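Residue numbers for the sequence shown follow our numbering, beginning at 110 and rising by one.
Working notes, structure below.
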Amino acid sequence: MKNKLILPLFLFASFLTFSQEKATTTETNSSEEVFKRDIVKNELSIGTLNLVAFGALDIAYERIITQNSSWAIEGFILALDRDNEDIGDAFNKDVSLTGKYKYFFGDRTAWGFYVNGLAMVSSGKYSEYNDAFVDGIYYSNREEKDYTDLALGFGLGGKFVSKQGFFLDLSTGIGRNLFSDDSPVVVGQFNVNLGFRF
Numbered sequence: 110m111k112n113k114l115i116l117p118l119f120l121f122a123s124f125l126t127f128s129q130e131k132a133t134t135t136e137t138n139s140s141e142e143v144f145k146r147d148i149v150k151n152e153l154s155i156g157t158l159n160l161v162a163f164g165a166l167d168i169a170y171e172r173i174i175t176q177n178s179s180w181a182i183e184g185f186i187l188a189l190d191r192d193n194e195d196i197g198d199a200f201n202k203d204v205s206l207t208g209k210y211k212y213f214f215g216d217r218t219a220w221g222f223y224v225n226g227l228a229m230v231s232s233g234k235y236s237e238y239n240d241a242f243v244d245g246i247y248y249s250n251r252e253e254k255d256y257t258d259l260a261l262g263f264g265l266g267g268k269f270v271s272k273q274g275f276f277l278d279l280s281t282g283i284g285r286n287l288f289s290d291d292s293p294v295v296v297g298q299f300n301v302n303l304g305f306r307f
């Protein structure tokens, strides 16, 4: 009698174990596929390179539109004194507001290599050097002018997002000012942003 019960009990126990194992695997796989970075749509970041190296506050907000696209707005304020020559060489702008549309080439949501179009309104001081020869003597003077202008351009970068939503965004861009004769012809960006997706 005992031998007749052992086989059905063994088969029943094996069935339960197999079913439990399958359910656990399914739950584990589904939980591994969905991370916070893949379902939330908003990002805030700060430009750490500009903050540490130049004392410039550079803050960005980004909204994910689709898995492969987003739009962003970046605000920039030069906080240190412009008379510092290192700062003057790095930035011709005191304040800027930049809008970007980004297209990502990765398989994950707004992750990996991307290209972007940008529009930047900037304001600041731009120095022009005027050189002249008068009676065989060389003269050079620097004229500093205030400007406000709109630039259009493009850029590229890479964004790397952790499962919890923290990210590193490395990007560069270039644009051309369109309207003012007193503004620099070309504006550039180089960003190292740390942020959080929420």
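Positions of the beta carbon are idealized from the N, C-alpha and C atoms, including for glycine.
Being a predicted model, the structure only gives us computed values, none of them experimental.
Less than 7 Å between the beta carbons of residue i and residue j, yes or no?
i, j, result
"T157", "V270", "no"
"F307", "N159", "no"
"Y235", "K211", "no"
"G164", "L227", "no"
"S249", "M229", "no"
"A169", "S179", "no"
"F299", "F275", "no"
"G245", "N201", "no"
"S280", "N286", "no"
"A260", "V296", "yes"
"K209", "A181", "yes"
Taking the alpha carbon of residue i as the reference point, which residue from the options has its own alpha carbon closest?
i, options, result
"G282", "S179, P293, G266", "G266"
"R81", "L166, E183, Q176, V161", "Any question about residue 81 goes unanswered here, given that the chain covers just 110 to 307."
"V161", "L187, A241, R172, V295", "L187"
"G308", "D290, D167, V295", "This structure cannot speak to residue 308, because the chain is shown only from 110 to 307."
"T207", "Q273, G264, D240", "G264"
"F144", "D240, I173, G262, Q273", "Q273"
Going by DSSP in three states, residue i sits in which element: helix, strand or coil?
i, result
"N159", "helix"
"D255", "strand"
"R172", "strand"
"K268", "strand"
"D147", "helix"
"R285", "strand"
"V294", "coil"
"F307", "coil"
"G274", "coil"
"G74", "What is shown of the chain runs 110 to 307, which leaves residue 74 out entirely."
For chain C, is any of its Cβ atoms less than 7 Å away from the one on residue i?
i, result
"L287", "Absence of chain C from the displayed structure is noted, only one protein chain being present."
Practice item. Evaluate contact between the segment 237 to 255 and the segment 217 to 224, counting only Cβ atoms and requiring at least three cross-stretch pairs below 8 Å. Key: no
Check your understanding: Which runs of the beta strand (DSSP E) fall wholly inside the segment 178 to 244 and span at least 3 residues, in chain order?
Key -> 178 to 187, 202 to 213, 221 to 243
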